[in-house]
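Written below as structure tokens is the structure these notes are about.
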Amino acid sequence: MEKVIYDILLVAMLVVSAFIIIAIFMQPSKQDGAADAFSGGTGELFERRKARGFEAVMQRFTAIMIGLWLVIGFALVVLSTR
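Numbering of the sequence shown is given in our numbering, commencing with residue 116 and proceeding in unit increments.
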């Protein structure tokens, strides 16, 4: 029974890993701020702004997927030590 649970969690971890990669690639680019940092312009580099709309959704989705990935990884470690 533990082998079946282990295999299911392993597949779930691979699926969640793919979702994390996709979510990171879909996040809006913030290259303007980094370019300003190297060119000497202050721009919005030190301003704190709240993410809104699609950006906020993608940040939350990515955070949830990473949390799920960590929980699954911990469960796999626990199961593999038995």
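In this text, a Cβ means the ideal position worked out from N, Cα and C, and glycines have one as well. Treat the numbers as computed from the prediction; the structure is a model and nothing was measured.
Within 8 Å, strictly: CB atoms of T196 and I135: no
Classification of V131 by the beta-carbon crowding that lies within 10 angstroms, buried from 16 upward: buried
Rounded Cβ spacing between M141 and W184 (contact assumed at less than 8 Å): Not confirmed; about 17 Å, so no contact.
Length of the line joining the Cα atoms of F169 and G182: 20 Å
Neighbourhood of E117 by C-beta distance below 7 Å, restricted to the same chain and skipping five residues each side: L194 and R197
Check whether A190 and L125 have beta carbons under 8 Å apart: no
M116 in three-state terms, based on DSSP: coil
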